[in-house]
Structure formats: structure tokens, C-alpha cells
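With positions in the sequence shown counted from 1, the corresponding number in our numbering is that position plus 32.
Where is the CB? At the ideal position from N, CA and C, for every residue including glycine.
Quick caveat: nothing in here was measured; it's all calculated off a predicted structure.
The structure appears below as C-alpha cells.
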Amino acid sequence: MHKLKLLASLLLTFITFNSFAEGAEKPNILMLCVDDMNDWVGFLDGHPQALTPNMDKLAANGVNFTNAHCTSPGCSPSRNALMFGIEPHNSGLYPFYDIVEITTGELDRLTPMPLHFKNNGYETVGITKVYHNPDNAYMQDVQWDDYKSFGDSKLKLIKDYGYYPEPYQKRLVACPAENPKEDFRDFKTAKYAKKFLEKKHYKPFFLSVGFILPHTPFITPKENYDRFNFPIQPPKIKANDLTDIPIAGQSNAQLYVEIPMARDNAWEKVRRGYLASINFTDDNVGMVMNALEKSEYADNTIVILWSDHGFHLGEKRSFSKFSLWEEATRTPFIIWDRRRKGNGQKCHEPVGLINVYKTLCDLAGIGTPSYVDGISLRPWLDNPSKEKISPAMTTWGRGNYTLRTKKWRYTRYFDGTEELYNKTQDSNEWTNLADNPEYASLKKEFADKWLPKKEAPQIKTGIKLYNVADADRPERVIQSYKKHYKTFQSEGLQPPLD
Ligand SMILES: [Ca+2]
Ligand SMILES: [Ca+2]
Numbered sequence: 033m034h035k036l037k038l039l040a041s042l043l044l045t046f047i048t049f050n051s052f053a054e055g056a057e058k059p060n061i062l063m064l065c066v067d068d069m070n071d072w073v074g075f076l077d078g079h080p081q082a083l084t085p086n087m088d089k090l091a092a093n094g095v096n097f098t099n100a101h102c103t104s105p106g107c108s109p110s111r112n113a114l115m116f117g118i119e120p121h122n123s124g125l126y127p128f129y130d131i132v133e134i135t136t137g138e139l140d141r142l143t144p145m146p147l148h149f150k151n152n153g154y155e156t157v158g159i160t161k162v163y164h165n166p167d168n169a170y171m172q173d174v175q176w177d178d179y180k181s182f183g184d185s186k187l188k189l190i191k192d193y194g195y196y197p198e199p200y201q202k203r204l205v206a207c208p209a210e211n212p213k214e215d216f217r218d219f220k221t222a223k224y225a226k227k228f229l230e231k232k233h234y235k236p237f238f239l240s241v242g243f244i245l246p247h248t249p250f251i252t253p254k255e256n257y258d259r260f261n262f263p264i265q266p267p268k269i270k271a272n273d274l275t276d277i278p279i280a281g282q283s284n285a286q287l288y289v290e291i292p293m294a295r296d297n298a299w300e301k302v303r304r305g306y307l308a309s310i311n312f313t314d315d316n317v318g319m320v321m322n323a324l325e326k327s328e329y330a331d332n333t334i335v336i337l338w339s340d341h342g343f344h345l346g347e348k349r350s351f352s353k354f355s356l357w358e359e360a361t362r363t364p365f366i367i368w369d370r371r372r373k374g375n376g377q378k379c380h381e382p383v384g385l386i387n388v389y390k391t392l393c394d395l396a397g398i399g400t401p402s403y404v405d406g407i408s409l410r411p412w413l414d415n416p417s418k419e420k421i422s423p424a425m426t427t428w429g430r431g432n433y434t435l436r437t438k439k440w441r442y443t444r445y446f447d448g449t450e451e452l453y454n455k456t457q458d459s460n461e462w463t464n465l466a467d468n469p470e471y472a473s474l475k476k477e478f479a480d481k482w483l484p485k486k487e488a489p490q491i492k493t494g495i496k497l498y499n500v501a502d503a504d505r506p507e508r509v510i511q512s513y514k515k516h517y518k519t520f521q522s523e524g525l526q527p528p529l530d
């Protein structure tokens, strides 16, 4: 018995020592996943009142990708593309899914990124919103060594301190709650990450920390609202911006949101709520980053921060995401790997979040499954001004694609209609040049060279939300857009085409 114990103890020591030695060579990964955050952050200079000192510090330490774009402008398709490393036109994951309910086997050939790291010796930990909820349940015990999801405690809203629409619309609520910050899920998420970083780990770790703010509703502790004084500067909006946009594009504008916002004069309150929500996420990012800096992992941890897509706050007469315009496609994106030569610089080349999977594998020194799309961004981490020829592509529904180069945005919808913007002269994308014959050859070149030649069929099981006009369902969203347009006129609002 005694001998057996000794043997077991020796064996344990050997295993522990061995995995530690192996781990010492591999960097840890800390992935900060943010929801619905656009460029209203200090490090992208998208709003003069943005207050994000912690993320600004991270951006200044690492490489700040200023021209980064999501793979799809909705939580579910964006995160599926990122976490499985596959473009929607290769996976068939175009709209929103409950991927746990996909019963037809299309996901079987895919390896979720955490599982791939786990297979390569990593301890994998996920907190709150990494995949789109409830997709964190997908292969949860297989891909995560530990997965923990937090919710808010019961929040007591201070309604008259912001906007609380009557009739109630959850996505437009923008007011603080009386509760202390400890009651908020994003604080709990950050605290769990902090505790993880304070512990001793014997394997390299892949830690994914998913914050839900600034996703709607914009509810934060009061102190975050108090940091933003009226007036809140509005973004630049051209009232009749949609006149030169084809109907497939127009239908992506969330027009109906503007009806209560205009009636209640609520835009400024809602924009304040958005800034406050980003500010609260920044506080929580700061908690995690401070814990990392104090930990023994500070020197051997790659930090990556992304948002799953951007957000409209009135531009193109729209609110939220679900479009192929810059407000929805562009995302904050930072990678800080202390070994890279480009740290402290900005990269203005067009990059996509589809590249996260290959980039992290490359930085960790592990291979990638053969189906994985995208490229490793490691060359731009060493030389951020290196020219990148390939555009960033964003897909929203089968058949709808937008390409972003440094100078152009070219969009083609399922019905063949198009948009083209010269970003150098028209950063707001106000003047659609697609019908100008001068650009016919440029459009053709974009389409021939970069748009998908083959499209995977849409996966038919597990669909949850389907709110785009695309090749599989061309009519419904366009009809509902036309209906909202009529309501708009009857409410006496300036219609977006006049
Ligand atoms: Ca989102
Ligand atoms: Ca326009």
C-alpha cells in the first residue's frame, strides 16, 4: 500500500512537472469578447466624449487595428464565424441559431476554437457571453474545462434618469440602476476572471471573458452615467441618406426604432446610455487587465480584444446592427503579444475577425484544422504598416456581402443591387457611386476577385432569428420595412427618402 502511494505520488509529480515544462513554452491567451461595441472608444476616436482609459491603454500597448470588420453584423453569425473559424458562406450559418438545436450534422466537421486549444494542451475557461447565448451550451463539457455564465442580480432601475420607453421596448431602455456594481453580470464576469488569474495554473490557459454591455438594454451603475454630461454630441446623420441605396440595403435600416425615439426626444439619452455602457465595460476590462498585470502570467499572456460587430446610433436612419454599412461592420480589435515588434502602433489595413482563429493558433505555435478560413495576422503584428491586398469581407444573409479595402467599400446584395463608397472622400458613406459607369470595371474587379464563387446552403435546423432579406428569404424583411416606412410618414417624421 505504502509503495503504491509513493508510486502514485511520483507519477503525479512527473505529470505535473512535465505539463509545466511544456506550458512554459506556450503563451497563455486572454480573449476579451465585447458585445455590440462600435468605435465610440478613445482608441478609435469615434466619439469625443468616449471614456475608455483601460482599453485605450491596452490599445497603446498592443497593435490597434483601426480598420477591422466583423464577419457578420449579428451576435450569432459573427461569433459562430469567429469561434469555429469559418465564413458563413462556407458553413451555412448565415442567420441566428441555437446551435445546440442543429440536428442535421453540419457542425460535426468543425472544431470550436477552445476545443482546439484544449486538444493542444491548454486549460480552457469561458465566462458569460463568448458564443451567442445560449450557444455556450454547445459541447460545453467538451470544449471548456470550466465554463461559468453570470446574470444580473435583481436591478432597480432609475427610470427618470435616462430613457424608459412606454410602451416598453427592452432594447431602447437606457438608464442606470440603483444597485452597486457588484450586482451586474459584467462585474461578476470580470471578478471571476480576476480570481482565475490569481490562481496557480500548471498548463497554459485559454481564458475567454465575455462582456454583454454595451448590448442593449443600456443599464449600468449610476456612477457610469454620471461620467457623461449633456449635451451628448450626435453622430453625423444625413436625413435622406437612404435615397441612393437599393431596397435590399434600405431594408437593413431599423427605421421603426426611430419612431419612439423621435416622439420621446430620446436619442441623446440613449446615446448617453451607450457611452455609459461602454464605460462600464471599460471598468471591467480594467479589473481583468490589472489582475493580469499583477499575476505571474503578465509576461507570457497574449491579450486579444474584439467586439462581435459595431452599432448604429441614428446613422443611415438606423439603430443597432444588422447592416452592411461601416457603423455595423467596423469593430474595435486589439492584439497584444509582448513578443511582437509592432506593439504600440496602429494598423490601418482592412482586417476581419475571421482571422482570429488562425492568428491565435499561429501565435501559440499550434496548427489549425484544415477547413479554417482567414489568415494569420502575425505579419501585421510585427509590421502594422505592411500593405494588405485582400479586403475584409462581411456577410449578412446568403447572397449579401460587403468588401472593405483601405479606400473602398463595395456591397452586393442577393438581388444583384450594389453600393460603392469612396472611403477616402466619403468616410460617412453618404454617396453611393455604384450606378456611376466610371466605376463599372472597379466593381467587376471586386466581385470577380473577392466575392464567394460558391455558397454553402443555409443550415435549416436550429434557426432562431431571421431578420434579413437574403437569397433564401427575399421578401419578408423588405415588406416589413415598407410597412414601417408608411408608419413613419403617418407619424409626421421626416421620411428617410425625402
Ligand atoms: Ca453583438
Ligand atoms: Ca446615401
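- Around the beta carbon of isoleucine 421, fewer than 16 other beta carbons lie within 10 angstroms, which makes this residue exposed.
- Counting C-beta pairs closer than 8 Å gives three or more between the segment 451-464 and the segment 271-290, which meets the contact rule.
- Put simply, of Leu229, Arg505 and Pro246 the residue whose alpha carbon is nearest the alpha carbon of phenylalanine 238 is Leu229.
- In the DSSP annotation of this structure, the continuous segment of the beta strand (DSSP E) that includes glutamate 450 starts and ends at 450-454.
- Not a single heavy atom of ligand 2 lies less than 7 Å from the C-beta of tryptophan 440.
- With a minimum length of 4 residues, the unbroken runs of alpha helix (DSSP H) contained wholly in the segment 384-468 fall at 388-396 and 410-414.
- Residue burial annotation: glutamine 511 is exposed, with fewer than 16 other C-beta atoms found within 10 angstroms of its C-beta.
- In the three-state DSSP reduction, cysteine 102 falls in the coil class, being neither helix nor strand.
- With respect to the C-alpha of threonine 391, the residue from Thr443, Val335 and Phe219 having the closest C-alpha is Val335.
- With a contact defined as Cβ atoms closer than 8 Å, tryptophan 338 and valine 66 qualify at about 7 Å.
- Ligand 2 approaches aspartate 276 closely enough that one of its heavy atoms is under 7 Å from the residue's Cβ.
- In this structure, the CA atom of threonine 333 is about 8 Å from the CA atom of arginine 370.
- Contact between arginine 203 and proline 249 holds: CB atoms are separated by about 6 Å, below the 8 Å threshold.
- Restricting attention to Pro263, Asn297 and Leu452, the CA atom closest to the CA of glutamate 477 is found in Leu452.
- Under DSSP, glycine 158 shares a beta bridge with Tyr179 and Ser240.
- For threonine 434, the number of other beta carbons within 10 angstroms of its own is at least 16, and it is reported as buried.
- Taking all protein chains shown into account, alanine 472 has fewer than 16 neighbouring C-beta atoms within 10 Å of its C-beta and is therefore exposed.
- By the CB criterion at 8 Å, glycine 242 and valine 162 fall inside the cutoff.
- With a cutoff of 7 Å, tryptophan 462 counts as near ligand 2, since its C-beta is closer than that to a heavy atom of the ligand.
- By the beta-carbon neighbour count (other beta carbons within 10 angstroms, threshold 16), proline 489 is exposed.
- Taking a C-beta distance under 8 Å as the contact criterion, isoleucine 310 and tryptophan 72 qualify as a contact pair.
- The segment 167-176 makes no contact with the segment 213-221; the number of CB pairs closer than 8 Å stays below 3.
- Here the C-alpha atom of glutamate 487 lies approximately 26 Å from the C-alpha atom of leucine 147.
- By the C-beta criterion, the segment 194-210 is judged not to be in contact with the segment 138-147, since fewer than 3 inter-stretch pairs fall below 8 Å.
- In the structure shown, isoleucine 510 falls within a helical segment according to DSSP collapsed to helix, strand and coil.
- Counting only the Cα atoms, tryptophan 412 lies some 25 Å from tryptophan 357.
- Within the segment 303-353, no alpha helix (DSSP H) run of at least 4 residues lies entirely inside it.
- Sorting Ser522, Tyr513 and Glu325 by C-alpha distance to the C-alpha of asparagine 86 places Glu325 at the top.
- Where cysteine 65 is concerned, there is no enclosing alpha helix (DSSP H), although the beta strand (DSSP E) around it starts and stops at 60-66.
- For histidine 344, the Cβ stays outside the 7 Å cut-off from all heavy atoms of ligand 1.
- Between threonine 103 and threonine 427 the beta-carbon gap is near 7 Å, inside 8 Å, which marks them as a contact.
- Secondary-structure assignment with DSSP links leucine 474 through no beta bridge to anything.
- Exposed is the label assigned to asparagine 468, since fewer than 16 other Cβ atoms lie within 10 Å of its Cβ.
- In the structure shown, leucine 189 falls within a strand segment according to DSSP collapsed to helix, strand and coil.
- In the three-state reduction of the DSSP assignment, tyrosine 224 falls in the helix class, which pools H, G and I.
- Under the Cβ criterion (8 Å, minimum of three pairs), the segment 114-124 does not count as touching the segment 358-377.
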